[in-house]
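Comments concern the structure below.
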Amino acid sequence: MYPRVSPAGATLLLAVAMALPAGSAFAKSACDGVTTTLTRQVKSDYRSLIARSLGKKVKPASVNIESFMQYGNWSVVYADVPVADPGYFFFDLSGKSPELKDVWGGMAERSEMPDLVKWAEKLGANKEIAACFADRATAS
Numbered sequence: 093m094y095p096r097v098s099p100a101g102a103t104l105l106l107a108v109a110m111a112l113p114a115g116s117a118f119a120k121s122a123c124d125g126v127t128t129t130l131t132r133q134v135k136s137d138y139r140s141l142i143a144r145s146l147g148k149k150v151k152p153a154s155v156n157i158e159s160f161m162q163y164g165n166w167s168v169v170y171a172d173v174p175v176a177d178p179g180y181f182f183f184d185l186s187g188k189s190p191e192l193k194d195v196w197g198g199m200a201e202r203s204e205m206p207d208l209v210k211w212a213e214k215l216g217a218n219k220e221i222a223a224c225f226a227d228r229a230t231a232s
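So for the sequence shown, my numbering puts the first residue at 93; every next one is plus one.
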């Protein structure tokens with residue numbers, strides 16, 4: 093037998109169910125397991141790396157780090173620089189020092205996520221960082 097629910101109880105259950113977003117509270121994020129904490133040290137380290145990669149005309153203090161993600165031997169930093177549009181800087185961390193592999197800039201729609209994942213994986217990025225990047229780059 094099923095428990096009886098009063099009309100008031102049924103109304104309350106229905107109200108709670110309708111108030112919950114459709115699966116979003118329980119959906120897995122593309123960045124689950126990816127480190128995204130942007131500390132002062134991370135900002136400082138990546139400002140220097142990005143400035144160095146852009147040449148002598150860019151000083152670390154002029155690089156604005158807006159977001160960070162790392163998984164395994166790969167990191168991606170979204171940064172605003174004075175000599176170009178903001179972009180996602182991809183670093184391979186498997187060597188003695190981080191190596192800039194490429195920069196992605198521009199705008200993308202959610203429907204382009206698979207293409208962005210493929211692009212990042214062609215660089216050698218792991219699937220976790222590729223998926224997190226694609227999610228962030230297509231967020232509105």
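The beta carbon of each residue, even a glycine, is placed where N, CA and C say it ideally should be. This structure is a prediction, so every number in the text was calculated from the model and none was measured.
Original post:
For LEU146, which residues of its own chain have a beta-carbon under 7 Å away from its beta-carbon, when the five flanking residues on both sides are left out?
Top reply: Looking up residue 146 in the sequence shown gives position 54. The residues are VAL173 and VAL175.
Subject >> Distance CB(PHE181)-CB(LEU141) smaller than 9 Å >> reply: By one-based count along the sequence shown, residue 181 stands at place 89. By one-based count along the sequence shown, residue 141 stands at place 49. Yes, the Cβ-Cβ distance between PHE181 and LEU141 is below 9 Å.
**OP:** Kindly indicate which three-state DSSP category LYS219 falls into: helix, strand or coil?
**Re:** As a working mapping, residue 219 is identified with position 127 in the sequence shown. Looking at LYS219 - three-state DSSP - the assignment turns out to be helix.
Original post:
Quick one: what's got a C-beta closer than 8 Å to ASP227's C-beta in the same chain, skipping five residues either side?
Top reply: Here the question's residue 227 lines up with position 135 in the sequence shown. So the list reads SER121, ALA122, CYS123 and MET205, once near-sequence residues are dropped.
**OP:** Give the straight-line distance between the Cα atoms of LEU215 and LEU185, rounded to the nearest whole angstrom.
**Re:** Against the sequence shown, residue 215 aligns to sequence position 123. Against the sequence shown, residue 185 aligns to sequence position 93. The straight-line gap from Cα to Cα measures roughly 13 Å.
Original post:
What's the gap between the Cα of SER203 and the Cα of TRP166?
Top reply: In the sequence shown, the residue the question calls residue 203 occupies position 111. In the sequence shown, the residue the question calls residue 166 occupies position 74. Cα to Cα, the separation comes out at about 24 Å.
Original post:
Taking just the CA atoms, how far does ALA217 sit from PHE225?
Top reply: Translated into the one-based positions of the sequence shown, residue 225 becomes position 133. Translated into the one-based positions of the sequence shown, residue 217 becomes position 125. Going from the Cα of PHE225 to the Cα of ALA217 covers about 10 Å.
**OP:** Would you kindly report the start and end of the unbroken alpha helix (DSSP H) that includes ALA235?
**Re:** An answer regarding residue 235 cannot be provided, because it is not within the stretch 93 to 232 covered by the chain.
Original post:
To which residues of the same chain is LYS135 closer than 6 Å at the C-beta, ignoring the five residues directly before and after it?
Top reply: Position 43 of the sequence shown, counted from the first residue, corresponds to residue 135. For LYS135, where only same-chain residues beyond five positions count, the Cβ hits under 6 Å are ILE157.
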